[in-house]
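Visitor: Heads up, our numbering is the position in the sequence shown plus 4, with the first residue counted as 1. All C-beta atoms in this analysis are idealised placements derived from N, C-alpha and C, irrespective of residue type, glycine included.
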Amino acid sequence: MALSIHVDEEGSLERRSKQLQELMIAVEGKPELEQSVQPGFIDQDLCKVVKEGNVDNFLEALATVSKNLSLRSIFDQAGPSQNSLLHLAVNFNKKDIAELIACHFPELISKRDVKGNTALHFAARMGILKTVEILVRHANELSTADVSSSSSSTPKNDPNKNLETSSSKNRLAMMKNKLGNTALHEAVMNDHSEVARFLVLEDREVWYFENEQGWSPMCLAIINGNQEILRLLLELQPPATRYGDVLSRLQGNSPAHVAIYRRCSGMLEEMANAIPELILFKDAYGRTPLHCAAQIGELDAVDILVRISRSIIFEKDNDGYFPIHIASKCGHIKVIKKLVKCWPNPEELLTEEGRNILHIAAMNGKDNVVRYILATPELRKILNEKDNNGDTPLHLAAGYCHPGVVLSLTRHKEINLHVRNNEMLSPFGVFAMYKIFSSSEEIKMQYSITGAALSSAGCKMSHLLGIHKEKRIPRMHPELSKNEWMKEQVAGMLTAGTLVATGTFAAGFALPGGYNPDKGTATLINNHMFQLFMICNTASFYCSIICLLCCAYSMLADVHLAANAFDNAKITFGVALLMMSLAFMAALHAVAGNLSWLASLTLIMGTIALLTIVLVVLFFLSTVIIFPSDWILPLMRFVSYYIHRLMVFVLMKHYHSEPPAYLSKQSSSENMNEKSNDMDKKEAIKQVGIEE
Numbered sequence: 005m006a007l008s009i010h011v012d013e014e015g016s017l018e019r020r021s022k023q024l025q026e027l028m029i030a031v032e033g034k035p036e037l038e039q040s041v042q043p044g045f046i047d048q049d050l051c052k053v054v055k056e057g058n059v060d061n062f063l064e065a066l067a068t069v070s071k072n073l074s075l076r077s078i079f080d081q082a083g084p085s086q087n088s089l090l091h092l093a094v095n096f097n098k099k100d101i102a103e104l105i106a107c108h109f110p111e112l113i114s115k116r117d118v119k120g121n122t123a124l125h126f127a128a129r130m131g132i133l134k135t136v137e138i139l140v141r142h143a144n145e146l147s148t149a150d151v152s153s154s155s156s157s158t159p160k161n162d163p164n165k166n167l168e169t170s171s172s173k174n175r176l177a178m179m180k181n182k183l184g185n186t187a188l189h190e191a192v193m194n195d196h197s198e199v200a201r202f203l204v205l206e207d208r209e210v211w212y213f214e215n216e217q218g219w220s221p222m223c224l225a226i227i228n229g230n231q232e233i234l235r236l237l238l239e240l241q242p243p244a245t246r247y248g249d250v251l252s253r254l255q256g257n258s259p260a261h262v263a264i265y266r267r268c269s270g271m272l273e274e275m276a277n278a279i280p281e282l283i284l285f286k287d288a289y290g291r292t293p294l295h296c297a298a299q300i301g302e303l304d305a306v307d308i309l310v311r312i313s314r315s316i317i318f319e320k321d322n323d324g325y326f327p328i329h330i331a332s333k334c335g336h337i338k339v340i341k342k343l344v345k346c347w348p349n350p351e352e353l354l355t356e357e358g359r360n361i362l363h364i365a366a367m368n369g370k371d372n373v374v375r376y377i378l379a380t381p382e383l384r385k386i387l388n389e390k391d392n393n394g395d396t397p398l399h400l401a402a403g404y405c406h407p408g409v410v411l412s413l414t415r416h417k418e419i420n421l422h423v424r425n426n427e428m429l430s431p432f433g434v435f436a437m438y439k440i441f442s443s444s445e446e447i448k449m450q451y452s453i454t455g456a457a458l459s460s461a462g463c464k465m466s467h468l469l470g471i472h473k474e475k476r477i478p479r480m481h482p483e484l485s486k487n488e489w490m491k492e493q494v495a496g497m498l499t500a501g502t503l504v505a506t507g508t509f510a511a512g513f514a515l516p517g518g519y520n521p522d523k524g525t526a527t528l529i530n531n532h533m534f535q536l537f538m539i540c541n542t543a544s545f546y547c548s549i550i551c552l553l554c555c556a557y558s559m560l561a562d563v564h565l566a567a568n569a570f571d572n573a574k575i576t577f578g579v580a581l582l583m584m585s586l587a588f589m590a591a592l593h594a595v596a597g598n599l600s601w602l603a604s605l606t607l608i609m610g611t612i613a614l615l616t617i618v619l620v621v622l623f624f625l626s627t628v629i630i631f632p633s634d635w636i637l638p639l640m641r642f643v644s645y646y647i648h649r650l651m652v653f654v655l656m657k658h659y660h661s662e663p664p665a666y667l668s669k670q671s672s673s674e675n676m677n678e679k680s681n682d683m684d685k686k687e688a689i690k691q692v693g694i695e696e
């Protein structure tokens, strides 16, 4: 039954082909009449019959239109988008009409529309395998005929006569549209595996062709998540003996990189097993697939890559980073652990600046990586290692103002707090340089917390810092010599200090409970809470006065002395606020003493408020030099550490700082592809140009 249908179809095609041939002979030699047909546009009646798909009606319509125009001119016409009748037949999936046109007018097979698409692009996109086979077969017949005719006119002794003509024969499969897509690209993007198989077998060279976005068919199969097509393309890899080193053409945009960014570990493993060379290919930034896996923390991909090739962990990118440095920079501890197992001596893996993984983690604020390294005895030996500039990880953490990292490093007992770099700067000295070169408002809190963490750990300023300041301040920030950098802060402190002094002064004479009219003394003079009020109110008043004096001095003194004076003003102001709050609670309790429940309620509310105020005062006092190691008790240092930890967690979550000029000169290579360190799938895909 199937055989009879096939015979009928062939007979029908031959009959209709003969009819079209007779029509072509009948109209041959007719003068072209263009009076009833607009030049350049397909006749609408022909469009309708093509859409219907009836071949006999199509031939009748051709006969009608050919009364006014030759068949050659009819088929040379195009629609507004430059699509031919063959484009229409394929687009409407009318195989018989498409085959009839391709057989008698094969030059239309390579005709492009306004987007550069041939009829083969349409057929591949729609997955019409029969039409694809028809178009390719007739295109090959046309190319073979052209080659034969040219060969007959070529002298027998012509050395070019026997050259390989496959590229001419299969030219149709290699044709690209304006997006750079071949028919194979279209088939892969639309998940038509049988069409893809046919096209690759027809012309192996299209296997590695890239479109305008740089994607090869294999990359597109991964983007679509089509493992069947990927497996097919891997099986049909062009042999190097005939097509040369086709794999090298995938350098710069390897399918392995795409598989990692798409988090397709199964596809990556299949590629790595089939073509191991792919995992060593690098992208435009010199990164191997392992660099990319380390960047996004794809542990499964890391396992696959290091299992296939251990040597990949020693590949550097364009900035001299090993994959373990990328993992450290992005904070992926599990990846670091895996890579350390492969090579247990990470101190030997250094960047061009001589930095190890702890340097990288410290300068990028990855506190989780720093704590992991400090907790691992095998890695702890790099704690005080220096880079080419002499900077230790603590120098970098202080210079980049990462308070969390500073806290973790300074808390470790083996840390050297006073080591100096090549410019004879201690970690605190590098931090002080940061202050000099910083003018952004958003990093002030970050700077303060970092300074407090360094101070509470006992870090001391380098005695040579003054020389650096004198050399750098006039050139970088001449306005600093005029105290412009603290003008607003001093003005605010003066206002607040004046208000506290005024309030406590008034309270010293408007005593709670009033005066004894006979003796002129306070009526509550023997009340213990009143006595507490007097002491705290007096302390608050004098602390506010000292605060005002420090503020006044900071407006007159040298820029370096002014900073110290302003720090003292903040301390005394905090004490004044605390004393004033305690005085207020004591006064309320004293006047409500006869009503026990009210006095108790006042005391409870005051105690809660005071505890809150103490925490807030400690919070702000911790941003200046407090708890120095010379006199601090172990308990106070413990409290100071967790106060700073709380500050880092609450306030510094969204802060990000730029390096000081001192460090930026030494670390220009750190500008490599700065993305979010905790890159999710969408961001990672966007990085390599893939649209979801």
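#1: From M589 to M497, what does the alpha carbon distance come to, in whole angstroms?
#2: By Cβ distance, which residues of its chain are closer than 6 Å to V579, with the 5 residues on each side in sequence left out?
#3: Please check the pair G131 and V210, which I expect to be a contact at CB under 8 Å, by giving their CB distance rounded to whole angstroms.
#4: Could you tell me the alpha carbon to alpha carbon distance between I221 and S460, rounded to whole angstroms?
#5: Can you tell me whether DSSP reads Y376 as helix, strand or coil?
#6: What does DSSP give as the partner residues of A712 in its beta bridges?
#7: Alpha carbon to alpha carbon, what distance is there between C334 and M449?
#8: What's the call for R479, buried or exposed, on a 16-neighbour Cβ count within 10 Å?
#9: Report the three-state DSSP secondary structure of D287 (helix, strand or coil).
#10: Based on the DSSP secondary-structure assignment, which residues constitute the bridge partners of G256?
#11: Kindly list the residues whose CB is nearer than 7 Å to the CB of T135, restricted to its own chain and excluding five residues on each side of it in sequence; keep chain order.
#12: Taking a contact to mean a Cβ-Cβ separation below 7 Å, would you say M403 touches V434 in this structure?
#13: Looking only at C-alpha atoms, which of L50, K71 and F109 sits nearest to N61?
#14: Which residue wins for smallest C-alpha separation from E273, given the options G301, I330, V504 and S313?
#15: By Cβ distance, which residues of its chain are closer than 7 Å to V118, with the 5 residues on each side in sequence left out?
#16: Terminal residues of the continuous alpha helix (DSSP H) containing Q48?
#17: Starting from E103, follow the alpha helix (DSSP H) in both directions and report where the run begins and ends.
#18: Indicate the three-state DSSP secondary structure (helix, strand or coil) for G578 in the structure shown.
#19: Pick out whichever of D304, A288, L251 and P242 has its Cα sitting closest to the Cα of A263.
#20: Between T355 and V410, is the Cβ-Cβ spacing less than 7 Å?
#21: Would you report the Cα separation of F509 and L503, rounded to the nearest angstrom?
#22: Rounded to whole angstroms, what is the Cα-Cα separation between N349 and K464?
#23: Under three-state DSSP, which class holds I308?
#24: Helix, strand or coil: how does DSSP classify E492 here?
#25: Pairs of beta-carbons, one from the segment 326-333 and one from the segment 358-371, closer than 8 Å: are there three or more?
#26: Comparing alpha-carbon positions, which option in S197, L240, R208 and R253 lies nearest W219?
#27: Taking its Cβ as the centre, do 16 or more other Cβ atoms sit within 10 Å of K342, making it buried, or is it exposed?
#28: Should T414 be labelled buried (16 or more other beta-carbon atoms within 10 Å of its own) or exposed?
#29: Which residues in the same chain have their Cβ closer than 7 Å to the Cβ of F202, if we skip the five residues on either side of it in sequence?
#30: Let's test the definition: count the other Cβ atoms within 10 Å of the Cβ of P293 and tell me whether it reaches 16, buried, or not, exposed.
#31: Could you name each continuous alpha helix (DSSP H) segment of 4 residues or more that falls completely within the segment 314-350, going from the start of the chain to the end?
#32: Let me know the secondary structure DSSP gives I279 once reduced to three states.
#33: Among H189, N277, S258 and N185, which residue has its Cα nearest to the Cα of C296?
#34: Tell me whether the beta-carbon of V310 lies closer than 7 Å to the beta-carbon of C346.
Guide: In this structure, then:
#1: Working through the sequence shown from its first residue, we reach residue 589 at position 585. Working through the sequence shown from its first residue, we reach residue 497 at position 493. Their backbone Cα atoms lie some 24 Å apart in a straight line.
#2: For this step, residue 579 is matched to residue 575 along the sequence shown. The answer, listed in chain order, is C547.
#3: Reading the sequence shown from its first residue, position 127 is the one you call residue 131. Reading the sequence shown from its first residue, position 206 is the one you call residue 210. Contact flag wrong, Cβ pair sits at about 17 Å.
#4: By 1-based counting over the sequence shown, the position of residue 221 is 217. By 1-based counting over the sequence shown, the position of residue 460 is 456. Looking at the sequence provided, one finds Pro at residue 221 rather than Ile. Going from the Cα of P221 to the Cα of S460 covers about 59 Å.
#5: On the sequence shown, residue 376 is found 372 positions in, with the first residue counted as 1. Note: Y376 maps to helix in three-state DSSP.
#6: The question about residue 712 has no answer here: the residues shown for the chain are numbered 5 through 696.
#7: Within the sequence shown, the letter at position 445 stands for residue 449. Within the sequence shown, the letter at position 330 stands for residue 334. Cα to Cα, M449 sits roughly 24 Å from C334.
#8: The residue labelled residue 479 in the question sits at position 475 within the sequence shown. Bear in mind that the predicted position of R479 carries a pLDDT of just 33, short of 50, making it unreliable; the figure below should be weighed with that in mind. Exposed.
#9: In the sequence shown, the residue the question calls residue 287 occupies position 283. Residue state, collapsed to three classes: strand.
#10: What you label residue 256 is simply residue 252 of the sequence shown in a count that begins at 1. Its beta-bridge partners are D287.
#11: In the sequence shown, counting from the first residue as 1, residue 135 sits at position 131. Within the same chain, T135 has close Cβ partners V94, K99, A102 and A127.
#12: The sequence position of residue 403 within the sequence shown is 399, counting from 1. The sequence position of residue 434 within the sequence shown is 430, counting from 1. Note that residue 403 is Gly in the sequence shown, not Met. Yes. Within cutoff.
#13: The count along the sequence shown starts at 1 and reaches residue 61 at position 57. Closest by alpha carbon: L50.
#14: On the sequence shown, residue 273 is found 269 positions in, with the first residue counted as 1. Selected option, being the one with the closest Cα: S313.
#15: Along the sequence shown, one-based indexing puts residue 118 at 114. If we look at V118 and ignore the five residues flanking it on each side, its Cβ neighbours are S85 and Q86.
#16: Sequence index remark: in the sequence shown, residue 48 carries index 44 (1-based). Start and end: Q48 to E56.
#17: Looking up residue 103 in the sequence shown gives position 99. Element bounds for E103: K99 to H108.
#18: Residue mapping note: residue 578 aligns to position 574 of the sequence shown, counting from 1. In the structure shown, G578 sits in a helix (DSSP, three-state: H, G or I).
#19: Your numbering for residue 263 matches position 259 in the sequence shown. Of D304, A288, L251 and P242, the residue nearest in Cα terms is D304.
#20: Translated into the one-based positions of the sequence shown, residue 355 becomes position 351. Translated into the one-based positions of the sequence shown, residue 410 becomes position 406. Not a contact, by the Cβ cut-off of 7 Å.
#21: Taking the first residue of the sequence shown as position 1, residue 509 is located at position 505. Taking the first residue of the sequence shown as position 1, residue 503 is located at position 499. Approximately 10 Å, taken between the alpha carbons.
#22: For the purposes of this step, residue 349 is identified with residue 345 of the sequence shown, where counting begins at 1. For the purposes of this step, residue 464 is identified with residue 460 of the sequence shown, where counting begins at 1. C-alpha separation (whole angstroms): 32 Å.
#23: Translated into positions along the sequence shown, residue 308 becomes position 304. Helix at I308.
#24: Within the sequence shown, residue 492 is the residue found at index 488, counting from 1. DSSP places E492 in helix when its eight states are reduced to three.
#25: yes
#26: Position 215 of the sequence shown, counted from the start, is the residue given in the question as residue 219. Considering only alpha carbons, the answer is R253.
#27: On the sequence shown, residue 342 is found 338 positions in, with the first residue counted as 1. It is buried - the Cβ of K342 has at least 16 other Cβ atoms within 10 Å.
#28: For this step, residue 414 is matched to residue 410 along the sequence shown. By the 10 Å Cβ count, T414 comes out buried.
#29: In the sequence shown, residue 202 corresponds to position 198, counting from 1. Once the five neighbours on either side are set aside, the close Cβ partners of F202 are L133, V136 and E137.
#30: Numbered from 1 along the sequence shown, position 289 holds the residue referred to as residue 293. By the neighbour-count rule (16 or more Cβ atoms within 10 Å), P293 is buried.
#31: 327-334 and 337-346
#32: Start at 1 with the first residue of the sequence shown, and residue 279 comes out as number 275. If DSSP states are grouped into helix, strand and coil, I279 belongs with coil.
#33: Your numbering for residue 296 matches position 292 in the sequence shown. Ranking the options by Cα distance to C296, first place goes to S258.
#34: As a first step, residue 310 is located in the sequence shown; it is residue number 306 there, counting from the start. As a first step, residue 346 is located in the sequence shown; it is residue number 342 there, counting from the start. A contact, by the Cβ cut-off of 7 Å.
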